[in-house]
Amino acid sequence: MSMSTSSLTSSTSSTSPAGSSADVVVVGAGIVGAAVAWRAARAGLRVTVLDPAPGDGATHAAAGMLAPVSETWFGEEPAVRLGLAGQAAWPAFAAELAAELGAETGADAGLRDTGTLVVAYDADDVAQLRRWLALHSRWSLKSGELALAEARRREPLLGPRVSGAAWVPGDHVADPRATHTALMSALGAHRAAAVVPRAAVRLVRDGRGAVVGVTDDAGETRRAGAVVLATGWRAADLVADLPVAVPVRPVRGQTLRLDAGPDVAPTHMVRGLVQGRPVYVVPRAPGTGRGPGTTADHREIVVGATSEEGPDDRRATAGGVFALLRDARALLPGLDESALVEATLRARPGTPDNLPLVGPTEVPGLHLAAGHHRNGVLLAPITADAVVAGLEGGDVPPALAVADPRRFRPAPVPVHDTPNHPARSLT
Ligand code: GLY
457 MSMSTSSLTS STSSTSPAGS SADVVVVGAG IVGAAVAWRA ARAGLRVTVL
507 DPAPGDGATH AAAGMLAPVS ETWFGEEPAV RLGLAGQAAW PAFAAELAAE
557 LGAETGADAG LRDTGTLVVA YDADDVAQLR RWLALHSRWS LKSGELALAE
607 ARRREPLLGP RVSGAAWVPG DHVADPRATH TALMSALGAH RAAAVVPRAA
657 VRLVRDGRGA VVGVTDDAGE TRRAGAVVLA TGWRAADLVA DLPVAVPVRP
707 VRGQTLRLDA GPDVAPTHMV RGLVQGRPVY VVPRAPGTGR GPGTTADHRE
757 IVVGATSEEG PDDRRATAGG VFALLRDARA LLPGLDESAL VEATLRARPG
807 TPDNLPLVGP TEVPGLHLAA GHHRNGVLLA PITADAVVAG LEGGDVPPAL
857 AVADPRRFRP APVPVHDTPN HPARSLT
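Following the working numbering, the numbering of the sequence shown begins with 457 at its first residue and continues without gaps.
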């Protein structure tokens, strides 16, 4: 698809009244916005990033599973195909980020090729696991049932009640917080990139209706050839008056961070079904533990996640924490001995079809990198590449065709009941 109407080629000369100018303003610096900004700067674009609290949205809660096969669900084949493309983009993305920052910084995306062990707690969960493996087989996804003895050999800490297991060899994990820190360092080092700790409050449009910048909460207008909205579940906030649909809603997710020593920490990602409830346990590398008494052989373990329709009030709940611990310790009882370091709630950006909104919109100059729901970390690299392709007027990679924001149509303009324009009767 051609992006010529919203490409930067004809609009890079915009200059703000305050003298700052950019080819692109990226609004939102979670892992998706930061990845877009970094890739844009590497592509030679002048980038301004606006975010009052970079990385403090869904990125802060995310476990970082790069696990499209383990997260496959019935009826969602387009999502798994997109997820596999996103997964394939990660190794080069992480390597380029590390290379740019230099070995001496120790910056690292925390990418670990662990594979994923999927386990079932009771007989009903085993039946569900087998239905899910049959789905994988129909869609030619790599997974296979494991004998319980083999599952216990790979993960000796599995609890005695676990009744079934499968192995997904290609599903790995990255560390979202470490990746975000690395991206912000890379942006900080780029002469062509500026990160401004301000919120965008309004999009600026020209006489043709094209988006040509944003005004921030200090009242400064930053003009640019294009604006990318990467504000997670808030992505619709700035577009209320525009003829564009951004159907993103908050879906709350609670995650826990544990500090676990080698005797109680699993070494693989473990996803499980416990009496029908999904839970995941994600161990990082040794040395990532934290809190009083941690040592170099401790790991951070992330347990997740709830999924609740509702606002991002940042309040992890007693019920959410209880449910996650109940189900995680049913699979890995040794976790009882770990320290509970953090309970975090953030909202994912959900969309009506569980697919993101990536690329140019109907409004010239307005691009989206939004609506990634459960897959912001998985899809950050491929989203960044696609958005930069769109900004440069090129083709968005075919894998992202399902994420074209223009698949949602804006609501019709309401008909107002005024003397000159009476509303139509419904009868
Ligand atoms: N991708 C995992 C989650 O959203 O909980």
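Cβ coordinates follow ideal geometry from the N, Cα and C atoms, glycine included.
*How big is the Cα-Cα spacing for P861 and V670?*
To locate residue 861, count along the sequence shown from 1; it is residue 405. To locate residue 670, count along the sequence shown from 1; it is residue 214. Cα to Cα, P861 sits roughly 20 Å from V670.
_According to DSSP, simplified to helix, strand and coil, what is T744?_
Numbered from 1 along the sequence shown, position 288 holds the residue referred to as residue 744. Residue state, collapsed to three classes: coil.
*Validate contact between the stretch 502 to 510 and the stretch 646 to 656 using beta carbons, cut 8 Å, 3 pairs*: Yes, they touch.
*Between A496, V629, V858, which lies nearest to H724 when the distance is taken from Cα to Cα?*
One-based indexing of the sequence shown puts residue 724 at position 268. Selection A496, V629, V858 evaluated against H724 yields V629 as nearest (Cα-Cα).
*Beta-carbon gap between P722 and V737 smaller than 9 Å*: For this step, residue 722 is matched to residue 266 along the sequence shown. For this step, residue 737 is matched to residue 281 along the sequence shown. Contact annotation: P722 and V737 have beta-carbon atoms nearer than 9 Å.
*Count the other CB atoms, across all protein chains shown, that sit within 10 Å of the CB of T711; report buried if there are 16 or more and exposed otherwise.*
In the sequence shown, counting from the first residue as 1, residue 711 sits at position 255. Taking all protein chains in view, the Cβ of T711 is crowded by 16 or more other Cβ atoms within 10 Å, so the residue is classified as buried.
*Under the criterion of a Cβ to heavy atom distance below 8 Å, does G760 qualify as lining ligand 1?*
Within the sequence shown, numbered from 1, the residue matching residue 760 stands at position 304. In this structure, the C-beta of G760 approaches ligand 1 to less than 8 Å from one of its heavy atoms.
_Reduced DSSP secondary structure (H/G/I, E/B, other) of S593_ = Walking along the sequence shown from the start, residue 593 turns up at place 137. Annotated three-state conformation of S593 is helix, per DSSP.
_Suppose you measure from the CA of T570 to the CA of A741; what does that come to, to the nearest Å?_
In the sequence shown, residue 570 corresponds to position 114, counting from 1. In the sequence shown, residue 741 corresponds to position 285, counting from 1. Each residue's CA atom was taken as its position, placing T570 and A741 some 10 Å apart.
*Can at least three beta-carbon pairs, one atom from the stretch 830 to 840 and one from the stretch 488 to 497, be found at a separation below 8 Å?*
A contact exists between the stretch 830 to 840 and the stretch 488 to 497.
*Following the continuous beta strand (DSSP E) through T677, name the residue where it begins and the one where it ends.*
Start at 1 with the first residue of the sequence shown, and residue 677 comes out as number 221. Residues 677 to 685.
*Check P816 in the structure and name its three-state DSSP category.*
Looking up residue 816 in the sequence shown gives position 360. Look at P816 here: in three-state DSSP terms it is strand.
*Around the Cβ of D588, are there at least 16 other Cβ atoms within 10 angstroms (buried) or fewer (exposed)?*
Translated into positions along the sequence shown, residue 588 becomes position 132. Looking at the sequence provided, one finds Trp at residue 588 rather than Asp. With 16 or more Cβ atoms within 10 Å of its Cβ, W588 is classed as buried.
*Using a Cβ-Cβ cut-off of 8 Å (strictly less than) and excluding sequence neighbours within five positions of A701, which residues of its own chain qualify?*
One-based indexing of the sequence shown puts residue 701 at position 245. Here the set comprises P861, F864, R865, P866, A867.
*Return yes when the Cβ of A638 is within less than 9 Å of the Cβ of G486, no when it is not.*
Here residue 486 refers to the residue found at position 30 of the sequence shown. Here residue 638 refers to the residue found at position 182 of the sequence shown. No, Cβ-Cβ distance for G486 and A638 is not below 9 Å.
*Would you check whether ligand 1 has a heavy atom nearer than 8 Å to the C-beta of S763?*
Position 307 of the sequence shown, counted from the first residue, corresponds to residue 763. Between ligand 1 and the CB of S763, the shortest heavy atom gap is smaller than 8 Å.
*Among all the DSSP beta bridges, which residues are the ones paired with S477?*
Taking the sequence shown and counting its residues from 1, one reaches residue 477 at position 21. Residue pairing by DSSP places S477 opposite R679 in a beta bridge.
_As assigned by DSSP and simplified to three states, the class of L585_ = Taking the sequence shown and counting its residues from 1, one reaches residue 585 at position 129. Helix, per DSSP.
*Secondary structure, alpha helix (DSSP H): runs of 4+ residues fully inside the stretch 601 to 663*: Counting only runs of 4 or more residues that sit fully inside the stretch 601 to 663, the alpha helix (DSSP H) segments are 604 to 610, 632 to 645, in chain order.
*Range of the contiguous beta strand (DSSP E) that encloses P734*: To locate residue 734, count along the sequence shown from 1; it is residue 278. Element bounds for P734: 733 to 739.
*asked:* With the cut-off set at 9 Å, would you say A622 and L585 are in Cβ contact?
replied: Taking the first residue of the sequence shown as 1, we reach residue 622 at position 166. Taking the first residue of the sequence shown as 1, we reach residue 585 at position 129. Against a cut-off of 9 Å, the Cβ pair of L585 and A622 comes out as a contact.
*Is M521 near ligand 1, judged by its Cβ being under 8 Å from some heavy atom?*
Residue numbering aside, residue 521 sits at position 65 when the sequence shown is read from its first letter. Because some heavy atom of ligand 1 lies under 8 Å away, the Cβ of M521 counts as near it: yes.
*asked:* Since G660 and H823 should fall inside the 8 Å C-beta cutoff, what is the C-beta to C-beta distance between them, to a whole number of angstroms?
replied: Counting from 1 along the sequence shown, the entry for residue 660 is found at position 204. Counting from 1 along the sequence shown, the entry for residue 823 is found at position 367. Per the sequence presented here, residue 660 reads as Val, with Gly not at that position. The pair is not a contact, with the Cβ atoms about 15 Å apart (cut-off 8 Å).
*Confirm, please, whether the CB-CB distance from G821 to G663 is below 9 Å.*
Sequence index remark: in the sequence shown, residue 663 carries index 207 (1-based). Sequence index remark: in the sequence shown, residue 821 carries index 365 (1-based). At a Cβ-Cβ threshold of 9 Å, G663 and G821 do not count as neighbours.
*Could you tell me if the beta carbon of Y577 falls within a distance shorter than 8 Å of some heavy atom in ligand 1?*
For the purposes of this step, residue 577 is taken as the residue at position 121 of the sequence shown. Not one heavy atom of ligand 1 falls within 8 Å of the beta-carbon of Y577.
*What distance in whole Å lies between the Cβ atoms of L573 and T528, which are believed to be in contact at a cut-off of 8 Å?*
Position 72 of the sequence shown holds residue 528. Position 117 of the sequence shown holds residue 573. That belief does not hold up - the Cβ atoms of T528 and L573 are roughly 16 Å apart, past 8 Å.
*From which residue to which residue does the alpha helix (DSSP H) around H516 run?*
The count along the sequence shown starts at 1 and reaches residue 516 at position 60. Run containing H516: 514 to 517, per the alpha helix (DSSP H) assignment.
*asked:* At the level of alpha carbons, what is the spacing between A554 and R610?
replied: Mapped onto the sequence shown, residue 554 falls at position 98. Mapped onto the sequence shown, residue 610 falls at position 154. If you take the alpha carbons of A554 and R610, they lie about 30 Å apart.
_With three or more beta-carbon pairs closer than 8 Å as the criterion, would you say the stretch 802 to 814 touches the stretch 757 to 772?_
With a cut-off of 8 Å, the stretch 757 to 772 and the stretch 802 to 814 count as touching, because enough Cβ pairs lie within range.
*Tell whether a beta-carbon distance below 9 Å holds between D693 and L522.*
If you number the sequence shown from 1, residue 693 lands on position 237. If you number the sequence shown from 1, residue 522 lands on position 66. Contact: no.
*Say yes only if the C-beta of A518 is nearer than 8 Å to one or more non-hydrogen atoms of ligand 1, and no if none qualify.*
Stepping through the sequence shown from its first residue, residue 518 is reached at position 62. Correct: A518 has its Cβ closer than 8 Å to ligand 1.
*Taking the alpha carbon of V480 as the point to measure from, which residue in H646, R495, L501 has its own alpha carbon closest?*
Here residue 480 refers to the residue found at position 24 of the sequence shown. Cα-wise, what sits closest to V480 is L501.
_Taking the straight line between their C-alpha atoms, what separation do you get for A786 and R617?_
Position 330 of the sequence shown, counting from 1, holds the residue named residue 786. Position 161 of the sequence shown, counting from 1, holds the residue named residue 617. Going from the Cα of A786 to the Cα of R617 covers about 8 Å.
*Using a Cβ-Cβ cut-off of 8 Å (strictly less than) and excluding sequence neighbours within five positions of W494, which residues of its own chain qualify?*
What you label residue 494 is simply residue 38 of the sequence shown in a count that begins at 1. Hits under 8 Å: L553, L639, A642, L643, H646, A649, A840.
*Using only the heavy atoms of ligand 1, determine whether one of them is closer than 8 Å to the beta carbon of R830.*
Numbered from 1 along the sequence shown, position 374 holds the residue referred to as residue 830. For R830, the Cβ falls inside the 8 Å cut-off from some heavy atom of ligand 1.
*Continuous beta strand (DSSP E) stretch holding R705: start and end*: The residue given as residue 705 occupies position 249 in the sequence shown. Counting along the chain, R705 sits inside the beta strand (DSSP E) bounded by residues 705 to 716.
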